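What follows is one structure encoded as structure tokens, with my remarks underneath.
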Amino acid sequence: MTSKEHFEIAEKYYHEYEETQNDELLEKAIKNYSEAIKLQPGFAYAYYKRALIYGIYEEFDNQYQDLNIAINVYSDLIEHDSDNPELHYKLALIHMENFQDNRNKEKSLNHFNKALELGYKNHDIFYNIGEIYCDFPYTRRDEALYYYNKAIDLAPNETKYYLARGECYDLLKQSENAMADFSKGIELAPEDWVFYNRRAELFIQLKEWDKAIDDYKQFRNLYHYNNRLKFELLRNIDRGPFFEFYFEVDLFKHSHWHPDSYYLEDSIMIEFLQVFSTVKEIAFYGYNEYSPSELSILVENFQEHLKLLSNITSYADFFKHVEYSKFLHTLIREFDDIEACWKSILNRLIEITKKLIKLVSNAANKGQYLYIYGI
Numbered sequence: 001m002t003s004k005e006h007f008e009i010a011e012k013y014y015h016e017y018e019e020t021q022n023d024e025l026l027e028k029a030i031k032n033y034s035e036a037i038k039l040q041p042g043f044a045y046a047y048y049k050r051a052l053i054y055g056i057y058e059e060f061d062n063q064y065q066d067l068n069i070a071i072n073v074y075s076d077l078i079e080h081d082s083d084n085p086e087l088h089y090k091l092a093l094i095h096m097e098n099f100q101d102n103r104n105k106e107k108s109l110n111h112f113n114k115a116l117e118l119g120y121k122n123h124d125i126f127y128n129i130g131e132i133y134c135d136f137p138y139t140r141r142d143e144a145l146y147y148y149n150k151a152i153d154l155a156p157n158e159t160k161y162y163l164a165r166g167e168c169y170d171l172l173k174q175s176e177n178a179m180a181d182f183s184k185g186i187e188l189a190p191e192d193w194v195f196y197n198r199r200a201e202l203f204i205q206l207k208e209w210d211k212a213i214d215d216y217k218q219f220r221n222l223y224h225y226n227n228r229l230k231f232e233l234l235r236n237i238d239r240g241p242f243f244e245f246y247f248e249v250d251l252f253k254h255s256h257w258h259p260d261s262y263y264l265e266d267s268i269m270i271e272f273l274q275v276f277s278t279v280k281e282i283a284f285y286g287y288n289e290y291s292p293s294e295l296s297i298l299v300e301n302f303q304e305h306l307k308l309l310s311n312i313t314s315y316a317d318f319f320k321h322v323e324y325s326k327f328l329h330t331l332i333r334e335f336d337d338i339e340a341c342w343k344s345i346l347n348r349l350i351e352i353t354k355k356l357i358k359l360v361s362n363a364a365n366k367g368q369y370l371y372i373y374g375i
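Here you go:
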């Protein structure tokens, strides 16, 4: 089988992965991209596509290594064929992904513009320029809209363009236009969960709770929970997602799933604990370490947290505390009838907070460190 044939097979698997989020397809894609590279070591675009998969796997050293190889190959090709618009376009795509380079977007934009100057008219080029202008460091969203519009004019059935323009409208606080684009995405791709998810978040901003719930129901029906990569939905393995609270004088003795650790494994409670938390000195995600002297501050803050929870006496009061938080979507997405279950959520939060106060207080008295690992 030739390098080109392996690349075509890899592309097929990669596009199927984008539709299904099935990580087995991603593994097949990267295997075939690698075979294509093995047979043709200068196959720059195969390096680029393999780098995208390394990025999904969060293997960033491998990702940047492949991106830099692809950049070098295309740069050499442009030296000998500087008027080739496709070479400039592909080099621009690669620079877009090379976040290790703090000038990557500037370089990308230069090559996109050069490709346009040389007559490159593929609709994706306008979409990608829009993506650059919509985000940091340019943040020129009116210009981004101009390019998104050009992309949509050329390819009116390309759903990702409506998603991108809708996101841009949302950032510009143009909710009506954003809603129209997300709805158009649903019209074009009624099986794509992402549009229901984003439109539901807009309905939350507009306080149209029933419409948000309806869209989240659709999201739950369509989202590929069982196919997500293991590090994306750890609830499918190792009992995650979770917070682990581990107390020890010597943290080097620690290993995950230690029998003395306290685990908070309920993903809904994890979200709500953050919504209500007044514990400003504590970080819930990643690896974090707190000294014995810091634990007394945590205890005081958890006690303030408990007081806040204990003063909630009605559904209206409960909802008021989460209404403007970024985790409100969790409340609405996970519960069809919020009003019927708010007390059980509140009681669980109070129970968790009391448990944490006891554990942290005991650790402080023993001169122990607190180690938190959260995913």
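Per the UniProt record's numbering: the sequence shown = residues 1 to 375. We treat Cβ as the ideally placed atom computed from N, Cα and C, and that holds for glycine. All values derive from a computational prediction rather than experimental measurement.
Residue i Cβ short of 6 Å to the ligand ZN heavy atom set
i, result
"residue 15", "Looking for the ligand ZN in the displayed structure turns up nothing, as the structure carries no ligands at all."
DSSP-derived helix/strand/coil call for residue i
i, result
"residue 308", "helix"
"residue 131", "helix"
"residue 288", "strand"
"residue 59", "coil"
"residue 319", "helix"
"residue 5", "helix"
"residue 43", "coil"
"residue 93", "helix"
"residue 248", "strand"
"residue 371", "strand"
"residue 262", "strand"
"residue 364", "helix"
"residue 11", "helix"
"residue 314", "coil"
"residue 202", "helix"
"residue 191", "coil"
"residue 85", "helix"
"residue 337", "coil"
Given residue i as reference, the closest of the options once Cα atoms are compared
i, options, result
"residue 337", "48, 189, 102, 214", "214"
"residue 359", "305, 349, 295", "295"
"residue 346", "367, 306, 180", "306"
"residue 179", "130, 344, 203, 145", "203"
"residue 168", "186, 114, 130, 150", "130"
"residue 313", "146, 110, 339", "339"
"residue 353", "199, 185, 300", "300"
Alpha-carbon to alpha-carbon, residue j and residue i
i, j, result
"residue 48", "residue 372", "37 Å"
"residue 356", "residue 54", "38 Å"
"residue 363", "residue 370", "8 Å"
"residue 207", "residue 154", "35 Å"
"residue 142", "residue 166", "13 Å"
"residue 245", "residue 21", "32 Å"
"residue 152", "residue 128", "12 Å"
"residue 102", "residue 161", "26 Å"
"residue 146", "residue 5", "38 Å"
"residue 293", "residue 351", "25 Å"
"residue 342", "residue 361", "29 Å"
"residue 38", "residue 64", "18 Å"
"residue 62", "residue 170", "34 Å"
Run of the alpha helix (DSSP H) containing residue i, from where it starts to where it stops
i, result
"residue 185", "175-188"
"residue 211", "209-222"
"residue 165", "159-171"
"residue 141", "141-154"
"residue 116", "104-117"
6 Å Cβ shell around residue i - same chain, five flanking residues per side excluded
i, result
"residue 16", "25"
"residue 95", "104, 107, 108"
"residue 133", "140, 143, 144"
8 Å Cβ shell around residue i - same chain, five flanking residues per side excluded
i, result
"residue 376", "There is simply no residue 376 to check, as the chain begins at 1 and stops at 375 in what is shown."
"residue 188", "157, 159, 162"
Proximal residues to residue i (C-beta, below 7 Å), its chain only, five neighbours per side dropped
i, result
"residue 121", "none"
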